[in-house]
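Trainee:
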Ligand SMILES: C[S@@+](CC[C@H](N)C(=O)[O-])C[C@H]1O[C@@H](n2cnc3c(N)ncnc32)[C@H](O)[C@@H]1O
């Protein structure tokens, strides 16, 4: 049985949050003895709704496209790795602007890879779809005889795609009712826990730890307690059911007062959904694996662009590009001040990035106001660009 391989191998997670790890372990045992979904626990999620994910949706609008094209500076006939093909927005723009470029198009979502296959047929030989996770990239490339250190440019546009968000049956969106799923891999690993498994199975302390760590949710304990109360009555299997449970844990005045970073009204369950999505897809460890993979596949002088959507991810990227050794760090608390062992390069006694990376801009790059107006989903995007030394 395939059991969330990334969680199983996640040493950092084990070390840094015993409560969560213990809960996972007991759940794993319960999976082995087939007790998930037994009469004493929550009912299993009906995953049949997810069986045929449409690929007809309009593609994701690429975030910070101008900046990505500028910093990647792709030349004719170069080889580019798009680590997050999604709806193919960035890949299509690259194909349309650079002659004879070859794009390796990776995504863990089979629905995205179906789109990449359609694109590969339209651009014969120029798009090579790769179904898999960042942590599987090395073996995928070696199966294609692509050598380490041979790729000219890498793009990693983290998070989930509009296609995933817009399809209620994928369970990512709190504004559309659907099964509480959130697995980016879709049905690739049928035994991999989905969000409903997490909310119905983990104990209160573990749930609170996840909401604090990955949602930076100040009211994590209160929400976790409401979830545990609610699931005693009925298993939580729908997105809007979870959204109402979370909203119900706040007084009405608080529930409607939350604002996002742009001071627009935000649903009180937004951070809960974010935290669950990150946890279900093991996104922080995957991001770290993706950055290491990019470091290995880029040739000296090759360029990397990374777009992230929340501070947890951006901190990880920033510290990776600075040369911090993240292998022993507390994943849950990527505090901006905490330092790992740094492999940095000094130029005239000043810090000049890591021995592997030269920043193309020292500071993080934000989208322009006009771009945010046209594509509000990109409002919290942050771009970092670096050159492989
Ligand atoms: C923000 S979207 C990318 C959008 C794309 N740049 C575009 O313009 O259409 C992120 C995509 O990355 C994929 N993804 C996220 N984490 C991944 C991982 N660890 N391995 C492979 N793909 C991943 C998601 O499935 C999603 O399709």
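Residue numbers (UniProt numbering): 1 to 389.
All residues carry an ideal CB built from backbone N, CA and C; glycine is no exception.
The model shown is predicted, which means the values in this text are computed figures rather than measured ones.
Got a sec? Which residues, its chain only, sit under 6 angstroms from residue 102 by beta carbon, not counting five neighbours each side?
Mentor: On the chain shown, residue 102 is found 102 positions in, with the first residue counted as 1. 79, 126, listed in sequence order.
Trainee: Can you name the start and end residues of the alpha helix (DSSP H) that residue 253 belongs to?
Mentor: The residue labelled residue 253 in the question sits at position 253 within the chain shown. Element bounds for residue 253: 252-255.
Trainee: What distance in whole Å lies between the Cβ atoms of residue 178 and residue 239, which are believed to be in contact at a cut-off of 8 angstroms?
Mentor: By 1-based counting over the chain shown, the position of residue 239 is 239. By 1-based counting over the chain shown, the position of residue 178 is 178. Contact holds; Cβ gap of about 5 angstroms.
Trainee: Using the C-alpha atoms, what's the distance from residue 274 back to residue 309?
Mentor: As a working note, residue 309 is residue 309 in the chain shown. As a working note, residue 274 is residue 274 in the chain shown. Distance between the alpha carbons of residue 309 and residue 274 is about 11 angstroms.
Trainee: Answer yes if the region 372-380 comes into contact with the region 276-291, meaning at least three C-beta pairs across the two stretches below 8 angstroms, and no otherwise.
Mentor: The answer is no - the region 372-380 does not touch the region 276-291, with fewer than three Cβ pairs under 8 angstroms.
Trainee: Give the straight-line distance between the Cα atoms of residue 363 and residue 182, rounded to the nearest whole angstrom.
Mentor: To locate residue 363, count along the chain shown from 1; it is residue 363. To locate residue 182, count along the chain shown from 1; it is residue 182. Going by the C-alpha atoms only, they are around 32 angstroms apart.
Trainee: Say yes only if the C-beta of residue 299 is nearer than 7 angstroms to one or more non-hydrogen atoms of ligand 1, and no if none qualify.
Mentor: As a working note, residue 299 is residue 299 in the chain shown. Checking every heavy atom of ligand 1 against the Cβ of residue 299, none is found closer than 7 angstroms.
Trainee: Any C-beta of chain D sitting closer than 8 angstroms to the C-beta of residue 275?
Mentor: In summary, chain D is missing from the structure at hand, where a single protein chain is found.
Trainee: Using C-beta distances below 6 angstroms, list every residue in its chain close to residue 222, excluding the 5 sequence neighbours before and after it, in chain order.
Mentor: Your numbering for residue 222 matches position 222 in the chain shown. These residues qualify, in order along the chain: 249.
Trainee: Where residue 97 and residue 70 are concerned, what is the direct C-alpha to C-alpha distance, given to the nearest angstrom?
Mentor: Looking up residue 97 in the chain shown gives position 97. Looking up residue 70 in the chain shown gives position 70. Rounded to the nearest angstrom, the two C-alpha atoms are 11 angstroms apart.
Trainee: Below 7 angstroms CB to CB, which residues in the same chain sit around residue 153 once its five sequence neighbours on both sides are set aside?
Mentor: Within the chain shown, residue 153 is the residue found at index 153, counting from 1. Counting only Cβ-Cβ distances below 7 angstroms, and skipping sequence neighbours, we find 72, 74, 78, 80, 302, 303.
Trainee: Please list, in chain order, all residues with a C-beta atom less than 5 angstroms from at least one heavy atom of ligand 1.
Mentor: That gives 60, 62, 84, 86, 87, 89, 90, 107, 108, 109, 112, 133, 134, 157, 159, 161, 184, 286.
Trainee: Can you list, in chain order, the residues of its chain whose CB lies under 6 angstroms from that of residue 105, leaving out five sequence neighbours each side?
Mentor: If you number the chain shown from 1, residue 105 lands on position 105. 82, 85, 91, 116, 127, 129.
Trainee: I believe residue 270 touches residue 211 by the beta-carbon criterion, under 8 angstroms. Please report the beta-carbon distance rounded to the nearest angstrom.
Mentor: Sequence index remark: in the chain shown, residue 270 carries index 270 (1-based). Sequence index remark: in the chain shown, residue 211 carries index 211 (1-based). Actually they do not touch by this definition, with Cβ atoms about 11 angstroms apart.
Trainee: Can you tell me whether residue 327 is buried or exposed? The criterion is at least 16 other CB atoms within 10 Å of its CB, across all chains shown.
Mentor: Translated into the one-based positions of the chain shown, residue 327 becomes position 327. Result: exposed.
Trainee: Tell me, which residues are paired with residue 79 by DSSP?
Mentor: Along the chain shown, read from residue 1 onward, the residue named residue 79 stands at position 79. BP columns for residue 79 point to 102.
Trainee: Between the C-alpha atoms of residue 231 and residue 383, what's the straight-line distance to the nearest angstrom?
Mentor: Start at 1 with the first residue of the chain shown, and residue 231 comes out as number 231. Start at 1 with the first residue of the chain shown, and residue 383 comes out as number 383. Each residue's alpha carbon lies about 39 angstroms from the other.
Trainee: Can you find a heavy atom of ligand 3 that lies under 7 angstroms from the Cβ of residue 259?
Mentor: By its list of ligands, the structure shown excludes ligand 3, since it contains just ligand 1.
Trainee: Which first and last residues belong to the alpha helix (DSSP H) in which residue 227 is found?
Mentor: Translated into the one-based positions of the chain shown, residue 227 becomes position 227. It spans 220-233 - the alpha helix (DSSP H) in which residue 227 sits, taken as one unbroken run.
Trainee: Hey, how far is the Cα of residue 189 from the Cα of residue 110?
Mentor: If you number the chain shown from 1, residue 189 lands on position 189. If you number the chain shown from 1, residue 110 lands on position 110. Between residue 189 and residue 110, the C-alpha separation is close to 11 angstroms.
Trainee: Are the CB atoms of residue 290 and residue 172 nearer to each other than 8 angstroms?
Mentor: Taking the first residue of the chain shown as position 1, residue 290 is located at position 290. Taking the first residue of the chain shown as position 1, residue 172 is located at position 172. No, these two residues do not count as a Cβ contact at 8 angstroms.
Trainee: Residue 389 to residue 257, Cα distance in whole Å?
Mentor: In the chain shown, counting from the first residue as 1, residue 389 sits at position 389. In the chain shown, counting from the first residue as 1, residue 257 sits at position 257. So the alpha carbons of these two residues sit roughly 48 angstroms apart.
Trainee: Find the nearest neighbour of residue 112 within the set 386, 155, 95, 185, judged by alpha-carbon distance.
Mentor: Stepping through the chain shown from its first residue, residue 112 is reached at position 112. Of 386, 155, 95, 185, the residue nearest in Cα terms is 185.
Trainee: Using 8 angstroms as the threshold, is the C-beta distance between residue 180 and residue 294 below it?
Mentor: For the purposes of this step, residue 180 is taken as residue 180 along the chain shown, with counting starting at 1. For the purposes of this step, residue 294 is taken as residue 294 along the chain shown, with counting starting at 1. No, these two residues do not count as a Cβ contact at 8 angstroms.
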